Amino acid sequence: MFPSTLLLPLTAAFAGLTTSTPIVHQRQLEIPENWNWHVTGWHAGCARSGCSYNFNVTIPTIENKILGVKAYCSGAEVIDGVNLDLNTYRNCQILEGVNNGVSAKFGPRKDFQSGGPEKIFVSFTLGAYEAEGRPEYNFTGNAEAIYNAFVAPLREFDVVPTVVWTSG
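Residues -20 to -1, 1 to 148 in mature numbering (1 follows the signal peptide of the UniProt record, and there is no 0) are what the sequence shown spells out, letter by letter.
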């Protein structure tokens, strides 16, 4: 039998090992099946200073999981004559939707002699929801960059998300 003078310090030491708040483990959010993002009004062209784009994108809502958005995106590639991939994501203007974001960028060029970047990347950020302990998620997809400025009508196509990640 332990003397009571020994039990009191042991009880106090072990009390610090328990927690009154449960530990929440996050599960990775999967990319929903058949969740295609629709691009309309696609317009892209190139000049000596580089290529540019503008378009609208609709990211549909997935009931009870993801609130979609409609956004207007525009941007241009960053070129310096040496590096083939200086492009960074530019925030798009949200036209409809809340607490989520959209951004876009051109992918890298193959070289400086043959046209512009081959791909356009679109990124959708599903905002964190602290009440449920859900972190922020980022979904990204890409599509072929079509250069139609001055030669063809505005285009429309789908972007299919292929990558999802969270920093939470």
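For every residue, glycine included, the Cβ atom is placed at its ideal position computed from N, Cα and C. This structure is a prediction, so every number in the text was calculated from the model and none was measured.
Fill in: beta strand (DSSP E) segment containing Y117, residue limits
117 to 124
Practice prompt. State the start and end residues of the unbroken beta strand (DSSP E) segment that holds E136.
Written response: 135 to 146
Worksheet item: Is there contact here, the stretch 108 to 116 with the stretch 71 to 78, by at least three beta-carbon pairs under 8 Å?
Response: no
Practice prompt. Alpha carbon to alpha carbon, how far is R114 from residue 150? Give it in angstroms, no decimals.
Written response: No answer is possible for residue 150: it lies beyond the span of the chain, which begins at -20 and ends at 148.
Worksheet item: What are the start and end residues of the beta strand (DSSP E) that includes Q93?
Response: Q93 -> no beta strand (DSSP E), and no H or E assigned at all.
Fill in: Where E112 falls: helix, strand or coil (DSSP)
helix
Worksheet item: Would A84 be called buried (16 or more neighbouring beta carbons within 10 Å of its own) or exposed?
Response: buried
Worksheet entry | Contact test: E57 Cβ vs the ligand GTP heavy atom, cutoff 8 Å | For the ligand GTP, the structure offers nothing, since it holds no ligand at all.
Worksheet item: If you draw a straight line from the C-alpha of S29 to the C-alpha of I59, how long is it?
Response: 8 Å
Discussion item. Rounding to the nearest angstrom, what Cα-Cα distance links G25 and G96 in this structure?
Written reply: 8 Å
Worksheet item: What runs of the beta strand (DSSP E), each 3 residues or longer, lie entirely inside the stretch 21 to 56?
Response: 30 to 39, 49 to 56
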